[in-house]
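Encoded as structure tokens, the structure appears first; notes follow it.
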Amino acid sequence: MIIKKLVLSLLALFSLSCAAQKAKIDRHALVERNSPHVKQVDKLSSLSVGNGNFAYTVDATGLQTFPDVYSTGVPLGTQSQWGWHSFPNTENFKPEEALKNYNFRGWEEPYSVQIKEPGRQHDASEYLRANEHRLHLGYIGLEMSKKDGAAVKPEDITNIDQKLDLWNGFIESNYSLEGTKITAKTAVSAYKDQLAVTLKSALLGKKQIKVNFRFPYPSGKHTDDATDWSSPLKHKTEIVSQDEHSFVLKRTLDTTVYYVSVRYEGKAVLSQKEPHYFIVTPQGNEFSFVCEFTQNKPAKLSENVNKVYAISSAYWNDFWQKGAAVDFSKCTDVRAKELERRVILSQYLMAIQSAGKYPPQETGLTYNSWFGKFHLEMHWWHAAHFALWNRTDLLERSMDWYAKAYPVAKQIAERQKFKGIRWMKMTDPTAQEAPSGVGSFLIWQQPHFIYMSELIYRNNPDKKVLEKYNLLVQETAEFMASFATYDQAKNRYVLKGIIAAQETLRASETVNPPFELSYWHYAMQVAQKWRERMGQKRKPEWDDLIAKLSPLTAKDGLYLASEDAVNTYTDVRFTSDHPAVLGAVGILPQSRLVKPEIMKNTFDWIWDKWNWDETWGWDYPMAAMSAARLGEPDKAVEALLMDKRTNTYLINGHNYQDDRLRVYLPGNGGLLAAVGMMCAGWDGNEVANPGFPKDGTWNVVWEGMKPMP
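Rendered as structure tokens:
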């Protein structure tokens, strides 16, 4: 009788969950109610439009009028995937000058590191680390004056009502100056590095509002808005063509050249105020223009603003209507509204900032961090969610770059006497390895390519997908197999000579970190499956590795951060930074390396005692995914909404970390991956909405989501 009641209850629950998942979501209402509204000039409230390869960020005026105010907040960037620059290499520094040998396995392995000792090697490593760096392509703002001719300050702007129209990809800005209304509409084309702007105000006709185009030299700094106004003689900005409705500017910065083409409607006058500083003065009360940034000299710009608006609207309507959607409006938990806001804004931000032809930098196309370079260990956090949310095409955009990086990755492996290809950590479009005392020893970026290729195949199990990615899958696994060291005394394979995802661990001391071990186990199994799908035989030596990989090391019923780190739970160094052990059952499925009861004990200890004030934005979704797999949905939700500085989400949706990283897109991408998994579950899961509590307060409705492996 008890069993019968249990079966009936389960069937009822299953029926309810199916009904909930099949309920049609009003996607327009879902998106519209989460469109941000900005009411003041606030350095952390800038808004962006973009297409994954190009983004333009504006202040409360709808353009880039007050960049100095926002430079220490969410800066007013204009960045593209192709816009890179290097300072002249006058000393002819070469990558091999940043190499230093380390002996982890009985032979010398050269790593590209930051050389601390003064001298040529130090200078070479610093130069190579900072070059290439990403460019700010130019500021487009308003030149505004008051009735008395004084320049307008931010506090002079009143009645601000600015909206990011997510459904159409527009920023609509309304505000006043000395009682006169001003409106601005801003959008970016879905397919070109092309900006469209419409301005309306009587102040245009009075020449109190003009449009300026200003171009800085790159700063080349680690983290900033990539702007140096103090070096006007180091670059050139020249008018190369002009007629009554358009002009083209040529930018020359050392060996970097690009073009800025502007086409406007109505009458206007172009003048040059200073080197790199141009002003367009409209002749009426309405002014519209399209501005396109290109690497090569463009053909005459043909698009007008209405065409760009139409392209933007069509793209974003399609974006929101396709792919997955999650609606929290039927939830009664008071936290649901905030979670929905974060999820909607994160989808938008990842599409405009992290869906380009290269893996994205952690601050996307907003401002530079780590010189604008991208980090391959973060690629999963930026992009894996696209496949879970049924937007696999946006993931595939950045996967093509790996084929271009293949020769460099092959050289790194060969240099260190390994087989296959070793993916670098911090790099740029050229795939040059950036010297780093930490990054060069990371290995958890290595399996990412296999994981993401598998996500693509799961959504499109076609032979063409296998043929496209198989070579790199196999070569990636080849390195992983040769990197694992066989411990003959214990008949096992170990991972050593690495810095783990928990970067407080040291390469010389770290053996068998739990997340990396589990990732090796998962990815090598997938690589073998790919061989079978391609009609190839499994590699016996890979099966041997899979069977003999070391299990996770535990002490007192808790998994250690590393086999050697016996003081994991008494040394604050091991209980700060990323609680990466949770990724072993969270990001990854349960494996034979992990004992569920020990992982559960470890999760509970981390939950109660971890130094959460010293964590990063993606640690919260990682904890949520682990909680969901361990049957703790209450904690999965709590993790996503934990009240910590690095889990802050600004009005524009950006995941704020600290004064340096005011934007941190791995947190946004991680949030989407976690919510997707909490809805659709994972392979073998039989619980509806497994990441949400079953107390009746989380009636989460979703559609189109794909399960995680």
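Residue numbers for the sequence shown follow the working numbering, so the first one is 5 and each next one is one higher.
Glycine residues also receive a C-beta, built at the ideal position from the N, C-alpha and C atoms.
In this structure, Gln420 sits away from Pro99, with a CB-CB distance that is not shorter than 8 angstroms.
Pairing Gly673 with Met354 gives a Cβ-Cβ distance under 8 angstroms. When secondary structure is reduced to three states using DSSP, Val570 falls in the coil class, being assigned neither helix nor strand. Residue pairing for Ala191: DSSP places it in a beta bridge opposite Ala200. Sequence-distant partners of Ala628 (beyond 5 residues in either direction) whose C-beta falls short of 6 angstroms from its own C-beta, in its chain, are Ala640, Ala643, Leu644 and Ala678. In the three-state reduction of the DSSP assignment, Ala551 falls in the helix class. Our two residues, Ser522 and Ala155, have alpha carbons roughly 60 angstroms apart in a direct line.
For Arg31, the closest C-alpha among the options Ser193, Trp324 and Ser90 is that of Trp324. For Cys683, the enclosing alpha helix (DSSP H) has its first and last residue at Leu669 to Ala684.
Residues of the same chain with a CB within less than 6 angstroms of the CB of Ala435, apart from the 5 flanking positions on each side, are Ala409 and Val412 in chain order.
Assigned with DSSP and collapsed to three states, Ala435 falls in coil, not helix or strand.
The region 100–157 contains, as complete alpha helix (DSSP H) runs of 4+ residues, the segments 124–134 (chain order).
For Lys185, the beta-bridge partners assigned by DSSP are Ser180. Between the region 124–134 and the region 65–75, the count of C-beta pairs closer than 8 angstroms stays below three; the two stretches do not touch. Proximity of the region 435–447 to the region 487–507 meets the contact definition, three or more beta-carbon pairs being nearer than 8 angstroms. With respect to the 8 angstroms criterion, Gly621 and His389 are not classified as neighbours on the basis of their beta carbons. Taking 8 angstroms as the cut-off, the beta carbon of Val515 is found no closer than this to the beta carbon of Glu458. Around the beta carbon of His452, a 10 Å sphere encloses 16 or more other beta carbons of the protein chains shown; the residue is thus reported as buried. Excluding its 5 nearest sequence neighbours in each direction, Met382 has C-beta neighbours in its own chain below 7 angstroms: Glu366 and Pro670, listed in chain order.
Annotation for Ile213: no alpha helix (DSSP H) segment contains it, though the beta strand (DSSP E) segment containing it runs Ile213 to Arg218. In this structure, DSSP gives Ser522 a helical state, which the three-state scheme calls helix. Spanning the alpha carbons of Val42 and Tyr371 requires a straight line of approximately 20 angstroms. By alpha-carbon distance to Thr256, the top candidate from Pro279, Val266, Ala272 and Asn605 is Pro279. The beta carbon of Tyr195 is closer than 6 angstroms to none in its chain, skipping five residues each way along the sequence. Rounded to whole angstroms, the gap between the alpha carbons of Phe91 and Asn135 is 7 angstroms. Cα atoms of Met646 and Asp337: separation of roughly 15 angstroms, rounded to the nearest angstrom. Closest in alpha carbon position to Val312, among Ile460, Gly327, Lys326 and Val294, is Val294.
Per DSSP, Lys254 is one residue of the beta strand (DSSP E) stretching across Ser250 to Leu257.
With respect to Glu269, Asn216 sits apart: the two C-beta atoms are not nearer than 8 angstroms.
The beta-carbon distance between Phe483 and Lys543, rounded to whole angstroms, is 13 angstroms. This is too long to meet the 8 angstroms contact definition. For Leu274, there is no enclosing alpha helix (DSSP H); the enclosing beta strand (DSSP E) covers residues Ala272 to Glu278. Residues Ala155, Val156 and Gln212 of the same chain have their beta carbon placed closer than 7 angstroms to that of Ser149, with the five preceding and five following residues left out of the count. A straight-line Cα-Cα distance of about 21 angstroms links Ala64 and Val309. Contact between the region 244–251 and the region 176–193 is absent, with fewer than three C-beta pairs closer than 8 angstroms. Contact annotation, Tyr352 with Leu170: C-beta distance approximately 5 angstroms; criterion of less than 8 angstroms satisfied.
Within a 10 Å sphere around the beta-carbon of Gly685 sit 16 or more other beta-carbons, which makes this residue buried.
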